[in-house]
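>
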Amino acid sequence: MSAYEHLIDLDDYSDEDLDSIVTLAQDIVKYPRSYSERCGGKIMATLFYEPSTRTQMSFQTAMLKLGGTLIGFDNPSVSSVAKGENLKDTTKIVSGYADILVMRNPFEGSAKAAALTACCPIINAGDGGHLHPTQTLTDMLTLKMEKGRLDHLKIGVCGDLMNGRTVHSLLKALSCYEGNEFVLISTKELRLPDYIKDIITKRGCKYTEAFSIEEAVGDLDMLYMTRIQRERFASEEEYDRQKNVYILDTDKMAKAPKDMIVLHPLPRVDEIASEVDDDPRALYFKQAHYGVYVRMALIISILENRIHPLPLLKGEIIKDKHCHNPKCITSTEPYLPNSFKRSGDALVCDYCDSKL
Amino acid sequence: MSAYEHLIDLDDYSDEDLDSIVTLAQDIVKYPRSYSERCGGKIMATLFYEPSTRTQMSFQTAMLKLGGTLIGFDNPSVSSVAKGENLKDTTKIVSGYADILVMRNPFEGSAKAAALTACCPIINAGDGGHLHPTQTLTDMLTLKMEKGRLDHLKIGVCGDLMNGRTVHSLLKALSCYEGNEFVLISTKELRLPDYIKDIITKRGCKYTEAFSIEEAVGDLDMLYMTRIQRERFASEEEYDRQKNVYILDTDKMAKAPKDMIVLHPLPRVDEIASEVDDDPRALYFKQAHYGVYVRMALIISILENRIHPLPLLKGEIIKDKHCHNPKCITSTEPYLPNSFKRSGDALVCDYCDSKL
Amino acid sequence: MSAYEHLIDLDDYSDEDLDSIVTLAQDIVKYPRSYSERCGGKIMATLFYEPSTRTQMSFQTAMLKLGGTLIGFDNPSVSSVAKGENLKDTTKIVSGYADILVMRNPFEGSAKAAALTACCPIINAGDGGHLHPTQTLTDMLTLKMEKGRLDHLKIGVCGDLMNGRTVHSLLKALSCYEGNEFVLISTKELRLPDYIKDIITKRGCKYTEAFSIEEAVGDLDMLYMTRIQRERFASEEEYDRQKNVYILDTDKMAKAPKDMIVLHPLPRVDEIASEVDDDPRALYFKQAHYGVYVRMALIISILENRIHPLPLLKGEIIKDKHCHNPKCITSTEPYLPNSFKRSGDALVCDYCDSKL
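Chains as they are written, first to last, in the working numbering: chain A, 2 to 357; chain B, 2 to 357; chain C, 2 to 357.
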């Protein structure tokens with residue numbers, strides 16, 4: 002049991018806790034000066050084991066706007082990690098220097114692993130393809146600020162719905178609110194996985210599927226664009242034939258409602274044509290700026306003990322079982338307790354959520 | 002039209018604006034404490050797409066001495082750029098985090114391109130071999146502090162006068178002041194280009210040419226040294242034969258006036274012998290320190306709207322024309338408007354200033 | 002003669018000066034808030050020519066906790082050094098930006114070399130395998146905090162005693178205190194060099210040698226673990242046969258006194274089993290955290306002129322003699338005065354302390 006209130010996984014928090022973060026963020030947007038000394042004397046460490054300049058700068062800006070200060074690294078080859086130091090030692094030491102530690106790491110479950118032994122709260126800024134909770138909080142604040150609500154919205158999500166962690170997390174979060182309806186826009190190969198669809202319907206929301214932006218865009222409140230990587234298509238010909246269907250341009254925007262907003266977790270590559278940037282409904286840059294405010298709210302909520310997560314490890318320790326996922330943090334950090342949750346008959350790794 | 006007062010090119014500013022920056026810098030040198038909270042609560046982002054530690058630290062020190070704070074990167078491989086994000090997206094996002102953005106980028110015209118869509122003022126900290134305006138402001142402050150004036154000076158400039166952007170910029174700036182006289186010291190191959198010579202005479206100043214430091218150094222008020230790269234000589238033999246002519250040592254200093262000052266934009270390699278460092282006339286390290294103060298003055302001037310540049314794009318948009326300079330930012334950022342100025346019959350790229 | 006009170010080598014300071022740093026550090030541990038503005042408005046530059054994330058973050062945290070601010074680099078390839086700038090020019094310029102400069106550099110004697118011409122005080126954060134004085138100060142503060150004293154202690158040091166600079170420095174420092182006794186635990190090949198043994202006995206302390214942790218651990222007050230690198234063993238078989246003798250695990254801890262503390266300069270690799278971390282006597286992470294406080298005390302002591310080192314160069318300049326150590330800073334920076342101390346008949350390099 003950790004003594005700190007980490008943010009590892011949004012699922013560890015109640016809807017009330019998440020609401021309170023978004024509500025606090027709205028207040029900070031409105032009265033930023035009232036918060037400019039809120040974390041005076043506090044130090045944030047940003048340990049980025051893989052580069053993500055924008056996420057790192059967003060956290061750093063958030064802490065600076067709260068009057069705090071910064072240490073950290075952004076380059077694994079420059080860190081002690083390069084000398085073979087394990088995650089535990091690095092985070093134990095740095096969490097003794099800092100008041101709050103933000104970590105991005107390519108291994109799934111790494112933030113949870115670090116939180117087990119850290120001497121300060123940890124924020125998960127992305128653990129491989131697994132979780133990226135502050136992106137979802139950013140999306141929620143943007144909706145709240147720009148549409149005025151998180152419920153009774155018709156939301157299109159477009160791109161690689163099979164693999165996109167930001168889409169999965171957003172759908173899970175928004176299906177907690179009444180009356181939301183989702184339009185899932187993707188190729189057949191990249192459809193949303195069934196377990197996410199089950200969550201949506203179990204929580205009382207509806208979804209439909211579509212295979213092009215054009216057919217879906219006519220009555221949306223929000224269109225959430227993400228990238229489809231060239232490699233994801235069945236073949237190069239398939240890619241060439243279909244790619245334009247998933248590129249947002251001014252022609253497709255002409256078919257969308259006047260008050261539909263366009264979001265994107267960024268970076269984009271080709272999936273939104275540059276010409277769309279001048280459309281007042283294109284809010285992806287503003288969305289990035291909202292990300293600073295929601296991170297400010299999160300930092301305050303954690304440092305002031307305003308939110309209360311579930312325990313880090315939810316399963317049981319099974320000594321002779323090992324997670325088989327090569328991207329799981331347990332594959333590189335052998336001292337970690339082998340903890341597994343039960344899901345029906347199956348065992349699910351407590352770190353990376355993959356089935357045994 | 003940008004809503005912000007960027008510093009891209011000194012030519013965009015009136016002499017009064019430049020004078021006001023230097024005068025403010027002198028005041029900061031004298032009363033640094035009065036300015037120590039001037040930018041409290043403000044954030045500077047330093048985006049260095051190529052390394053230039055000293056320039057970056059100079060800007061960072063300037064902001065810290067004004068009570069501001071810092072975000073940024075210094076390593077392109079670590080930035081989102083490595084994931085293929087274009088200049089516009091990166092600078093739009095970061096300029097929403099920061100209050101002022103300092104950018105160095107190897108492409109010519111990149112700072113201007115970023116300024117077109119940025120959400121905060123941009124300072125050009127070097128765009129390839131094109132412009133480096135804060136170096137020239139540093140040189141001007143050094144002259145003002147150490148010689149007491151910017152006019153009626155006899156100034157030697159030595160090195161690669163053909164390609165040296167700092168020399169070009171300094172000559173253009175100082176030829177605006179009455180009674181300045183320039184001695185251009187270089188090999189025949191590396192002489193100052195005619196268009197700079199034309200600017201000097203058009204503005205009413207004189208110049209002479211010399212082929213060695215020794216013949217020129219006897220009556221100078223200031224000697225501005227720069228590097229001649231080995232590659233610039235006609236041949237290896239030519240280099241070996243001539244290089245010492247352009248190396249400043251104690252023998253040559255013995256021939257110089259007692260009150261002549263020696264400047265250098267740094268880093269130096271061999272062109273000033275290490276023994277000269279102990280000469281009280283060697284002011285290149287002090288010059289680097291003045292650079293902090295002039296950058297403090299610039300940051301204040303921009304954040305407090307004290308200076309007023311010309312519009313960023315001065316030409317007309319010609320849709321089907323493209324700049325041919327492979328180092329121009331338009332070669333990598335296709336969304337940029339193709340803007341060209343007219344110079345006689347020729348078209349000149351509005352970003353990199355090269356002729357079509 | 003430098004105008005500043007650098008920390009290059011603990012031997013340059015009196016026992017009173019070192020005591021005063023440790024005593025001040027104890028006070029900071031107790032009343033950290035009283036010191037939170039002590040260095041307001043001051044800038045620390047951390048120039049790390051080779052990566053050492055933890056040491057760099059420790060210094061940065063120390064400065065931030067004193068209300069100061071930070072500039073610096075951690076990646077030589079990104080610095081001007083990559084363009085061929087020498088140590089003198091870089092440190093002269095940066096020491097004009099900063100109020101205090103912390104340097105790590107792989108060349109022996111580099112911090113002393115930089116201090117000769119710097120415009121602010123220099124702290125040596127490691128110059129190759131030569132010196133790392135703030136690690137020793139950290140060890141001393143940890144002992145003082147956890148054992149209540151620096152004298153009358155029985156101290157085991159284990160690992161590569163031949164090459165370990167932290168062990169040498171700690172033994173030299175602790176042998177100044179009355180009644181200390183040392184147990185030197187290593188393989189025969191990696192025994193402590195005679196000149197350190199001589200210092201110990203000359204200062205009135207005793208030592209014994211041991212070849213395993215088990216035989217030594219029974220009556221120690223402190224066990225100081227360090228790494229033995231695989232390459233240091235006579236052969237691969239020798240390594241496999243002996244390595245476990247020098248790995249601390251729970252079995253060996255069971256033989257140790259209840260109040261024995263375990264320290265390690267970190268990073269560790271295999272020499273302390275991860276299971277030991279949960280033992281309350283395992284204080285190496287706490288030790289790392291004490292490192293911040295002793296660095297705070299050091300920064301204050303230097304910036305407020307509370308400590309008074311010997312002159313930097315102690316020998317005589319011999320123009321035609323050159324140090325033969327290829328890792329000595331004089332091998333790459335030819336402008337440095339060739340200064341040598343006399344030790345009996347031999348000449349000792351004033352930078353790297355190797356015999357000519």
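We put the CB at the ideal spot given by N, CA and C, even for glycine. In this text the structure is predicted, and so the values were computed from the model without any measurement.
Quick one: does residue 99/C have its CB under 8 Å from some CB of chain A?
As a first step, residue 99/C is located in the third sequence; it is residue number 98 there, counting from the start. Residue 99/C does not count as touching chain A.
> Determine, using beta carbons only, whether residue 166/B and residue 132/B come nearer to each other than 8 Å.
For the purposes of this step, residue 166/B is taken as the residue at position 165 of the second sequence. For the purposes of this step, residue 132/B is taken as the residue at position 131 of the second sequence. Yes, these two residues count as a Cβ contact at 8 Å.
> DSSP on residue 343/C, reduced to helix/strand/coil?
Indexing the third sequence from 1 puts residue 343/C at position 342. Residue 343/C: strand per DSSP, three-state reduction.
> Residue range of the beta strand (DSSP E) that residue 227/C falls in?
Here residue 227/C corresponds to residue number 226 of the third sequence, with the count starting at 1. Looking at the DSSP string, residue 227/C is not in any beta strand (DSSP E), and its letter there is neither H nor E.
> Could you give the DSSP three-state label for residue 104/A: helix, strand or coil?
One-based indexing of the first sequence puts residue 104/A at position 103. If DSSP states are grouped into helix, strand and coil, residue 104/A belongs with the strands.
> Where does the unbroken alpha helix (DSSP H) through residue 14/A begin, and where does it stop?
In the first sequence, residue 14/A corresponds to position 13, counting from 1. Here residue 14/A belongs to no alpha helix (DSSP H), and DSSP marks it neither H nor E.
> Counting Cβ pairs closer than 8 Å, one from the stretch 239-250 of chain B and one from the stretch 197-207 of chain B, do we hit at least three?
Because the criterion of three Cβ pairs below 8 Å is not met, the stretch 239-250 of chain B and the stretch 197-207 of chain B do not touch.
> For residue 271/C, tell me which candidate among 153/C, 113/C and 250/C has the shortest Cα-Cα distance.
Taking the third sequence and counting its residues from 1, the one referred to as residue 271/C is at position 270. Among 153/C, 113/C and 250/C, the Cα nearest to that of residue 271/C is on 250/C.
> Using a Cβ-Cβ cutoff of less than 7 Å, which residues in the same chain neighbour residue 296/A once the five nearest sequence positions on both sides are dropped?
In the first sequence, counting from the first residue as 1, residue 296/A sits at position 295. Hits under 7 Å: 59, 60, 63 and 135.
> What do you reckon, are the CB atoms on residue 284/C and residue 147/C nearer than 8 Å?
Translated into the one-based positions of the third sequence, residue 284/C becomes position 283. Translated into the one-based positions of the third sequence, residue 147/C becomes position 146. Yes, the Cβ-Cβ distance between residue 284/C and residue 147/C is below 8 Å.
> Select from 71/C, 95/C, 174/C and 225/C the residue whose C-alpha is nearest the C-alpha of residue 290/B.
The count along the second sequence starts at 1 and reaches residue 290/B at position 289. The option with the nearest alpha carbon to residue 290/B is 95/C.
> Do you know how far the Cα of residue 300/C is from the Cα of residue 288/A?
Taking the first residue of the first sequence as position 1, residue 288/A is located at position 287. Taking the first residue of the third sequence as position 1, residue 300/C is located at position 299. Cα to Cα, residue 288/A sits roughly 42 Å from residue 300/C.
> For the alpha helix (DSSP H) containing residue 333/B, list its first residue and its last residue.
The sequence position of residue 333/B within the second sequence is 332, counting from 1. Careful: residue 333/B lies outside any alpha helix (DSSP H) and carries neither H nor E.
> According to DSSP, simplified to helix, strand and coil, what is residue 208/B?
Taking the first residue of the second sequence as 1, we reach residue 208/B at position 207. Strand.
> Excluding the 5 residues preceding and the 5 following residue 161/C in the sequence, name in chain order all residues of the same chain whose CB lies nearer than 6 Å to its CB.
For the purposes of this step, residue 161/C is identified with residue 160 of the third sequence, where counting begins at 1. Cβ neighbours of residue 161/C beyond the five flanking positions: 191, 229 and 233.
> Determine the direct distance from the alpha carbon of residue 31/C to that of residue 183/C, and round the result to whole angstroms.
Working through the third sequence from its first residue, we reach residue 183/C at position 182. Working through the third sequence from its first residue, we reach residue 31/C at position 30. Spanning the two alpha carbons is a distance of roughly 30 Å.
> Residue range of the alpha helix (DSSP H) that residue 184/A falls in?
As a position in the first sequence, residue 184/A is number 183, starting the count at 1. It is not in any alpha helix (DSSP H) - residue 184/A instead sits in the beta strand (DSSP E) that spans 182-186.
> From the beta carbon of residue 85/B, is the nearest beta carbon of chain A less than 8 Å away?
Numbered from its first residue, the second sequence carries residue 85/B at position 84. Interface residue, yes.
> In this structure, does DSSP put residue 356/A in helix, strand or coil?
As a first step, residue 356/A is located in the first sequence; it is residue number 355 there, counting from the start. Reduced to three states, the DSSP call for residue 356/A is strand.
> Output, in chain order, the set of chain C residues within a Cβ distance shorter than 7 Å of residue 58/B.
What you label residue 58/B is simply residue 57 of the second sequence in a count that begins at 1. Residues of chain C passing the Cβ test: 72, 95 and 98.
> Quick check on residue 125/C: does DSSP put it in helix, strand or coil?
Counted from its first residue, the third sequence places residue 125/C at position 124. In the structure shown, residue 125/C sits in a strand (DSSP, three-state: E or B).
> Can you list, in chain order, the residues of the stretch 279-313 of chain B whose Cβ is nearer than 7 Å to any Cβ on chain C?
Correct list: 286, 289, 290 and 293.
> Let me know the beta strand (DSSP E) ranges lying completely inside the stretch 216-295 of chain C, each 3 residues or longer, listed in chain order.
Runs found: 223-226 and 262-264.
> Measuring CB to CB, does residue 225/C end up less than 8 Å from residue 277/C?
Residue 225/C sits at position 224 when you count from the first residue of the third sequence. Residue 277/C sits at position 276 when you count from the first residue of the third sequence. No, the pair does not count as a contact, with Cβ atoms beyond the cut-off.
> Should the stretch 148-155 of chain A be regarded as contacting the stretch 210-223 of chain A, the criterion being three or more beta carbon pairs within less than 8 Å?
Judged by Cβ distances under 8 Å, the stretch 148-155 of chain A makes contact with the stretch 210-223 of chain A, as three or more pairs qualify.
> Tell me, please, which residues DSSP counts as bridged to residue 31/B.
In the second sequence, residue 31/B corresponds to position 30, counting from 1. The partner list for residue 31/B (beta bridge, DSSP) is empty, contrary to what the question assumes.
> Closer than 8 Å, CB to CB, is residue 44/B near chain A or not?
For the purposes of this step, residue 44/B is identified with residue 43 of the second sequence, where counting begins at 1. So yes, residue 44/B belongs to the interface.
> Ordered along the chain, which non-local residues of its own chain (more than five positions away) have a Cβ less than 6 Å from that of residue 292/A?
To locate residue 292/A, count along the first sequence from 1; it is residue 291. These residues qualify, in order along the chain: 59 and 139.
> Since residue 99/A and residue 45/A should fall inside the 8 Å C-beta cutoff, what is the C-beta to C-beta distance between them, to a whole number of angstroms?
Counted from its first residue, the first sequence places residue 99/A at position 98. Counted from its first residue, the first sequence places residue 45/A at position 44. The Cβ separation is near 6 Å, so the contact holds.
> Quick one: give me the first and last residue of the alpha helix (DSSP H) that residue 146/A is part of.
On the first sequence, residue 146/A is found 145 positions in, with the first residue counted as 1. Element bounds for residue 146/A: 134-148.
> Give a yes or no on whether 8 Å exceeds the smallest Cβ distance from residue 321/B to chain A.
Taking the first residue of the second sequence as 1, we reach residue 321/B at position 320. No - not a single Cβ of chain A is within 8 Å of the one on residue 321/B.
> What residues from chain B crowd round residue 336/C, counting only those whose CB sits closer than 7 Å?
The residue you call residue 336/C lines up with position 335 of the third sequence. What residue 336/C touches in chain B: 275.
> In whole angstroms, what is the alpha-carbon distance linking residue 1/C and residue 340/A?
Residue 1/C falls outside the range modelled here, since chain C spans only 2 to 357, and no answer is possible.
> Should residue 55/C be labelled buried (16 or more other beta-carbon atoms within 10 Å of its own) or exposed?
Walking along the third sequence from the start, residue 55/C turns up at place 54. Buried, by the Cβ-count rule.
> According to DSSP, is residue 314/A helix, strand or coil?
Translated into positions along the first sequence, residue 314/A becomes position 313. Note: residue 314/A maps to coil in three-state DSSP.
> Could you name the residues of the same chain whose beta carbon sits closer than 6 Å to that of residue 303/C, not counting the 5 residues immediately before and after it, in chain order?
Position 302 of the third sequence holds residue 303/C. Only 6 and 122 meet the Cβ criterion.
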